[in-house]
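For the protein sequence lines, the chains are A and B, in the order given. Be aware that the first sequence starts at 14, since it is given in our numbering, and climbs by one per residue. Be aware that the second sequence starts at 20, since it is given in our numbering, and climbs by one per residue.
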Amino acid sequence: MILKGKAWKFGDSISTDLICPGRYFHLRSNLPELAKHVLEDADPQFASSMSKDDFVVAGNNFGLGSSREHAPTIIKLAGVSAVLAKSFARIFYRNAINVGLPLVECDTDKIEQGDELEVNLSTGIIRNKTKDIELGAESLPKAMLNILNDGGLVAHIQKHGDFKLD
Amino acid sequence: MGTLAEKILSVKSGKDYSANDIVIAKVDVAAFQDGTGPLGVRQLQKMNITKVKAPTSIFFLDHAAPSPRRELSNDHMLLREFSKQAGAILSEVGDGVIHQRLVESFAKPGDVVIGGDSHTCTSGALGAFATGMGSTDVAIGMAIGKTWFKVPETIRIEVNGKFQPGVFSKDLILYLIGMIGADGATYKALEFGGSTIDKMSMESRFVLSNMAVEAGAKVGLIASDRVTREYLKARGRLKDWRPLAPDKDANYEKVIKINAAKIEPQVAFPHTVDNTRPISSAKGKKVSQVFIGTCTNGRIEDLKIAAKILSGKKRATDTRLIVVPASRDVYLEAMKLGLLATFVKAGAIIMGPGCGPCVGVHQGVLGNGEVCLSTANRNFKGRMGNPEGFVYLASPATAAYSAIKGRISDPREVIKKGKKGKIRVNKSKKGRGNR
Ligand code: SF4
Numbered sequence: 014m015i016l017k018g019k020a021w022k023f024g025d026s027i028s029t030d031l032i033c034p035g036r037y038f039h040l041r042s043n044l045p046e047l048a049k050h051v052l053e054d055a056d057p058q059f060a061s062s063m064s065k066d067d068f069v070v071a072g073n074n075f076g077l078g079s080s081r082e083h084a085p086t087i088i089k090l091a092g093v094s095a096v097l098a099k100s101f102a103r104i105f106y107r108n109a110i111n112v113g114l115p116l117v118e119c120d121t122d123k124i125e126q127g128d129e130l131e132v133n134l135s136t137g138i139i140r141n142k143t144k145d146i147e148l149g150a151e152s153l154p155k156a157m158l159n160i161l162n163d164g165g166l167v168a169h170i171q172k173h174g175d176f177k178l179d
Numbered sequence: 020m021g022t023l024a025e026k027i028l029s030v031k032s033g034k035d036y037s038a039n040d041i042v043i044a045k046v047d048v049a050a051f052q053d054g055t056g057p058l059g060v061r062q063l064q065k066m067n068i069t070k071v072k073a074p075t076s077i078f079f080l081d082h083a084a085p086s087p088r089r090e091l092s093n094d095h096m097l098l099r100e101f102s103k104q105a106g107a108i109l110s111e112v113g114d115g116v117i118h119q120r121l122v123e124s125f126a127k128p129g130d131v132v133i134g135g136d137s138h139t140c141t142s143g144a145l146g147a148f149a150t151g152m153g154s155t156d157v158a159i160g161m162a163i164g165k166t167w168f169k170v171p172e173t174i175r176i177e178v179n180g181k182f183q184p185g186v187f188s189k190d191l192i193l194y195l196i197g198m199i200g201a202d203g204a205t206y207k208a209l210e211f212g213g214s215t216i217d218k219m220s221m222e223s224r225f226v227l228s229n230m231a232v233e234a235g236a237k238v239g240l241i242a243s244d245r246v247t248r249e250y251l252k253a254r255g256r257l258k259d260w261r262p263l264a265p266d267k268d269a270n271y272e273k274v275i276k277i278n279a280a281k282i283e284p285q286v287a288f289p290h291t292v293d294n295t296r297p298i299s300s301a302k303g304k305k306v307s308q309v310f311i312g313t314c315t316n317g318r319i320e321d322l323k324i325a326a327k328i329l330s331g332k333k334r335a336t337d338t339r340l341i342v343v344p345a346s347r348d349v350y351l352e353a354m355k356l357g358l359l360a361t362f363v364k365a366g367a368i369i370m371g372p373g374c375g376p377c378v379g380v381h382q383g384v385l386g387n388g389e390v391c392l393s394t395a396n397r398n399f400k401g402r403m404g405n406p407e408g409f410v411y412l413a414s415p416a417t418a419a420y421s422a423i424k425g426r427i428s429d430p431r432e433v434i435k436k437g438k439k440g441k442i443r444v445n446k447s448k449k450g451r452g453n454r
C-alpha cells in the first residue's frame, strides 16, 4: 500500500498527554470530538490545518506516557495516514497496530515540515519528493504485521478465534 | 538461567522461553480504569462478548472519582453495568487508585497482570509480570484469558548501600530515569535487586516498579522474598505468597550498579520525567501547589513521613497543599494514626482516595504559569490540566518540607539519622532549615 501526503513535523518525546490531553478526559467516549484536539498541546494549529492523509513525523520516543489507546485512535480518526518517527514508546506502538494506525520507524531528520512524502508500507521505502531522496525503514515484527494486515486486533481475534502470530 | 521476566512468562506460556521469543501467556488479572475502560467495553461489545474469562477481571473507578462531569458519570454507569453483567469486579469511587488496589488485594507473585493503564507495572514489585496496555489489548485479555508478549530482555538494576537520611526510593528511581533516559529501557524489563532493595519495604519497592514505565520499560520486576511475604501476610493474603527469584546465571542485557549512599534528593523538572537533577539545582524555586498522593507516593509510608515533617507546622501562605491517600485502606490507616489531622492543621486539603489532580481531570488544576511540586510519576506538559502549568516531581519528604517553605527545599535539612538507624525529623527552631 502506498500512502501519500504532507509531513507535519514534531520533536522528540511527544507524550500521550500532548497527543490527547487529560483535560479532555470527558470526551473519551466521543472520539470524533476528541479528535478535534489531537496533538493540540504539541501544535495548536495541527488539528485544524492538516489535510486528510498527511503524515505525523517526529523524533525519538513518540507516544511515551500513558496507555490511552485514544492517542493513536484519534490520530487515525483525524485522517493521518501514518506516523513516522525515529522510535516509538512501547505501549503506543502496540496500540497503534491494534487500532490499525501504521507506524514507520526511520531517520526523520531527513524530512522537514511540509515535505511531500510517499510511503510504501509493504517495501518500507519512503520517498521524500520535495527533497528527492529515498529513506529506508525498519519493518514491523511479524506478529504485528499479522495483526495490522487483519485490520487490527479485534478483527484478528474475530478471524482466528485466538492469537495467530506466526 | 532465567531472568524474572523469562521465568514468569515461561510458566504462564507452558514452555521454556527466553528473551525475544513471542509467547501467548495466560492472564491472571486484567484491569481497567475509568479512562480506558469505556473504550475496552465497547470493543468487547463489538465482539459480542458478554462474559469475562480472565480469572480476575476488574474495573476501577479512580481517575474521575467522584465524577466532575456528566460525560464521565455516564462512562461510570457503563462500567458498572458491564461489570455486573459480565462477571467482573467493580472497584467503586472512593476505593482507590487501580495500582494501589491491585497490590493490596489482587496481584500476586508469579502472576501475569495486564492493565489499561501504563503504571500497571507497579505490581511488578510483588514479582508479577505486570504491564500496561491499551484498551483493546486488555479487553481481549479479559475476554479470552490470554495475551501475547515478546519476552523482554532485562536490564538488571543492582543497588547497594544505604540511603542518606532524607533520601528515599523515589529519589533512587528519579535518579535512575535521569541516568538512562525516558527511553532507556524501551521494550525491556527492569529488574531491581541488590542489598538496598532486599532491605527495602514493600511500599518503597512499589515506587520503583511504578515508575519503570517512565524509562520506557515493559515491567519493573522485584524478586518475591520475605518482605513480600510479610506484606501479603499483613494483608491477610499469606496464601498468595510464593518465593520467586531470578536464576543466578540469568542473562542480562546489561547490569547497572548504583551506590544508594551517593544519591541526593532528586527533582524532575518540567516537562519530562528524565529531566531530573539533584535538589540543589531546584532549591528556592517557588511553588504554588504541593500535591502528595498518587499510585506512586500516596501510601501510608509516604503520608507518615510527610506528616512527620508537617507536624506542628503550617504550609507557606502562598502554597496550597493537597493530600490524597491512594486507597480506602490507606485513608483509614492515616485516619487512625492521626495523620489526616496533622495535614489539616498544617493547612492541607484532603481529598478522597483516587488519582486526584494527577492527570488533570479535576481537583487542583494548575493556573497559567503556576508551579506544582508533586509526588506523582509524570510531569508532562498539560499533565495537571493546563499546558501553561509546570510540574516538578519529588519524594513525599521533599514535597512536605517544600510546602512549609513555599519553595523547593532539601528535606535533609530536617531529616536526621536517629537512634538505631531510624530517621528522625528535626523539630528544633534552630534547625538548619531556618538558618
Ligand atoms: S494516580 Fe496518576 S499515574 Fe497513578 S493511575 Fe492515577 S492518574 Fe495514573
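By construction, the Cβ of each residue, glycine as well, lies at the ideal position given by its N, Cα and C atoms.
- Query: What's the C-alpha gap between I196 of chain B and P289 of chain B?
  - Reply: Translated into the one-based positions of the second sequence, residue 196 of chain B becomes position 177. Translated into the one-based positions of the second sequence, residue 289 of chain B becomes position 270. I196 of chain B and P289 of chain B have their C-alpha atoms roughly 14 Å apart.
- 6 Å CB neighbourhood of H50 of chain A in its chain, flanking five on each side removed: Here the question's residue 50 of chain A lines up with position 37 in the first sequence. Result list for H50 of chain A: Y37, in chain order.
- Which partner residues of T173 of chain B appear in the DSSP bridge assignment? As a first step, residue 173 of chain B must be located in the second sequence, where it is residue number 154. Paired residues: B:A208.
- In chain A, which residues lie with their C-beta within 7 Å of the C-beta of A16 of chain B? Any answer about residue 16 of chain B is impossible in this case: the structure gives chain B only from 20 up to 454.
- Query: Which residues in the same chain as A156 of chain A place their Cβ atom closer than 6 Å to its Cβ, once the five residues preceding and following it in sequence are excluded?
  - Reply: Position 143 of the first sequence, counted from the start, is the residue given in the question as residue 156 of chain A. Only L178 meet the Cβ criterion.
- Message: The alpha helix (DSSP H) that contains G56 of chain B, what's its start and end?
- Response: Reading the second sequence from its first residue, position 37 is the one you call residue 56 of chain B. Residues G56 to K65.
- Task: Flag R451 of chain B as yes if its beta-carbon sits less than 9 Å from any beta-carbon of chain A, otherwise no.
- Result: Along the second sequence, read from residue 1 onward, the residue named residue 451 of chain B stands at position 432. Note on R451 of chain B: pLDDT 41, under 50, position unreliable in the model; the coordinate value appears next. For R451 of chain B, the nearest beta carbon of chain A is not closer than 9 Å to its own beta carbon.
- Item | Selection of the segment 65 to 83 of chain A by Cβ proximity to chain B, strictly under 8 Å | Listed by position along the chain: N73, N74, L77, G78, S79, S80, R81, E82 and H83.
- Task: Go ahead and pull the three-state DSSP assignment for Y411 of chain B.
- Result: Taking the second sequence and counting its residues from 1, one reaches residue 411 of chain B at position 392. Here Y411 of chain B sits in strand by DSSP.
- Counting contacts by CB-CB distance shorter than 9 Å, is G35 of chain A in contact with chain B? Working through the first sequence from its first residue, we reach residue 35 of chain A at position 22. It does: the Cβ of G35 of chain A has a partner Cβ on chain B nearer than 9 Å.
- At 8 Å on the CB atoms, spell out the chain A contacts of Q62 of chain B, in chain order. In the second sequence, residue 62 of chain B corresponds to position 43, counting from 1. Listed along the chain, the chain A residues whose CB falls inside 8 Å of the CB of Q62 of chain B are V167.
- Item | Min CB distance D156 of chain B to chain A below 9 Å | Here residue 156 of chain B refers to the residue found at position 137 when the second sequence is read from its first residue. Answer yes: the Cβ-Cβ gap between D156 of chain B and chain A drops below 9 Å somewhere.
- Residues near R334 of chain B in its chain [Cβ-Cβ closer than 7 Å; skip 5 each side]: Residue 334 of chain B sits at position 315 when you count from the first residue of the second sequence. The beta carbon of R334 of chain B is closer than 7 Å to those of L340, A365, G366, A367, A422 and I423 in its chain, skipping five residues each way along the sequence.
- Query: Along chain B, in chain order, which residues have C-beta atoms closer than 7 Å to that of R186 of chain A?
  - Reply: With chain A represented from 14 up to 179, any question about residue 186 of chain A goes unanswered, as that position is not in the structure.
- Query: If you measure from the beta carbon of T86 of chain A to each beta carbon in chain B, is any gap under 9 Å?
  - Reply: One-based indexing of the first sequence puts residue 86 of chain A at position 73. Yes, its Cβ sits closer than 9 Å to a Cβ of chain B.
- Message: Using a Cβ-Cβ cutoff of less than 6 Å, which residues in the same chain neighbour P128 of chain B once the five nearest sequence positions on both sides are dropped?
- Response: If you number the second sequence from 1, residue 128 of chain B lands on position 109. Closer than 6 Å at the Cβ level, and outside the excluded window around P128 of chain B, lie L145, G146, S243, R261 and L263.
- Message: Below 9 Å on C-beta distance, what does D145 of chain A contact in chain D?
- Response: No chain D is part of this structure, whose protein chains are labelled A and B.
- Query: Mind checking N43 of chain A: buried by the 16 CB within 10 Å criterion, or exposed?
  - Reply: For the purposes of this step, residue 43 of chain A is taken as residue 30 along the first sequence, with counting starting at 1. N43 of chain A is exposed by the Cβ-count criterion.
- Query: Considering only the beta carbon of each residue, do I163 of chain B and D136 of chain B sit closer than 9 Å?
  - Reply: Residue numbering aside, residue 163 of chain B sits at position 144 when the second sequence is read from its first letter. Residue numbering aside, residue 136 of chain B sits at position 117 when the second sequence is read from its first letter. Taking C-beta atoms as the reference points, I163 of chain B and D136 of chain B fail to come closer than 9 Å.
- Item | For G151 of chain B, the first and last residue of its enclosing beta strand (DSSP E) | One-based indexing of the second sequence puts residue 151 of chain B at position 132. Here the beta strand (DSSP E) through G151 of chain B covers F148 to G151.
- Segments assigned beta strand (DSSP E), at least 3 residues, entirely inside the segment 282 to 366 of chain B: Whole beta strand (DSSP E) segments, 3+ residues: 285 to 287, 295 to 297, 308 to 311 and 339 to 342.
- Item | Three-way DSSP call (helix, strand, coil) for E129 of chain A in this model | Position 116 of the first sequence holds residue 129 of chain A. DSSP places E129 of chain A in strand when its eight states are reduced to three.
- Query: Which residue from B:D190, B:A201, B:A279 and B:V349 puts its Cα closest to that of G212 of chain B?
  - Reply: The residue you call residue 212 of chain B lines up with position 193 of the second sequence. Its Cα nearest to that of G212 of chain B, the residue B:A279 stands out among B:D190, B:A201, B:A279 and B:V349.
- Item | Contact residues within the segment 389 to 423 of chain B, judged by C-beta distance below 9 Å to chain A | Residues R397, F399, K400, G401, R402, M403, G404, N405 and P406.
- Message: If you reduce the DSSP assignment to three classes, tell me which class K441 of chain B lands in.
- Response: Here residue 441 of chain B refers to the residue found at position 422 of the second sequence. Three-state DSSP puts K441 of chain B in coil, outside helix and strand.
- Item | Where V70 of chain A falls: helix, strand or coil (DSSP) | The count along the first sequence starts at 1 and reaches residue 70 of chain A at position 57. Looking at V70 of chain A - three-state DSSP - the assignment turns out to be strand.
- Query: Straight-line CA distance for N179 of chain B to V274 of chain B?
  - Reply: In the second sequence, counting from the first residue as 1, residue 179 of chain B sits at position 160. In the second sequence, counting from the first residue as 1, residue 274 of chain B sits at position 255. In a straight line, the C-alpha of N179 of chain B is about 13 Å away from that of V274 of chain B.
- Message: Residues of chain B with CB closer than 8 Å to the CB of N111 of chain A, please, in chain order.
- Response: In the first sequence, counting from the first residue as 1, residue 111 of chain A sits at position 98. Here the neighbours are G153, T155 and D156.
- Item | Within chain B, partners of Q200 of chain A - CB distance below 7 Å | Outside the modelled stretch of chain A, which goes from 14 to 179, sits residue 200 of chain A, for which no answer is possible.
- Give the secondary structure of I160 of chain A by DSSP, where H, G and I count as helix, E and B as strand, and everything else as coil. Reading the first sequence from its first residue, position 147 is the one you call residue 160 of chain A. Here I160 of chain A carries a helix assignment [DSSP, helix/strand/coil].
- Message: I need the DSSP call for Q52 of chain B, collapsed to helix, strand or coil.
- Response: As a working mapping, residue 52 of chain B is identified with position 33 in the second sequence. In the three-state reduction of the DSSP assignment, Q52 of chain B falls in the strand class, which pools E and B.
- Sort out for me which residues DSSP pairs N141 of chain A with in a bridge. Position 128 of the first sequence, counting from 1, holds the residue named residue 141 of chain A. According to DSSP, N141 of chain A bridges with A:L130 and A:I146.
- DSSP three-state call for A464 of chain B: helix, strand or coil? The structure shown does not extend to residue 464 of chain B, since chain B is modelled only from 20 through 454, so no value can be given for it.
- Leaving out five residues before and five after V170 of chain B in sequence, what residues of the same chain have Cβ atoms less than 7 Å from its Cβ? In the second sequence, residue 170 of chain B corresponds to position 151, counting from 1. If we look at V170 of chain B and ignore the five residues flanking it on each side, its Cβ neighbours are A24, E25, L28, Y36, S37, A38, N39, D40 and V42.
- Limits of the unbroken alpha helix (DSSP H) element including T155 of chain B: Here residue 155 of chain B is taken as the residue at index 136 of the second sequence, counted from 1. Counting along the chain, the unbroken alpha helix (DSSP H) around T155 of chain B starts and ends at S154 to I163.
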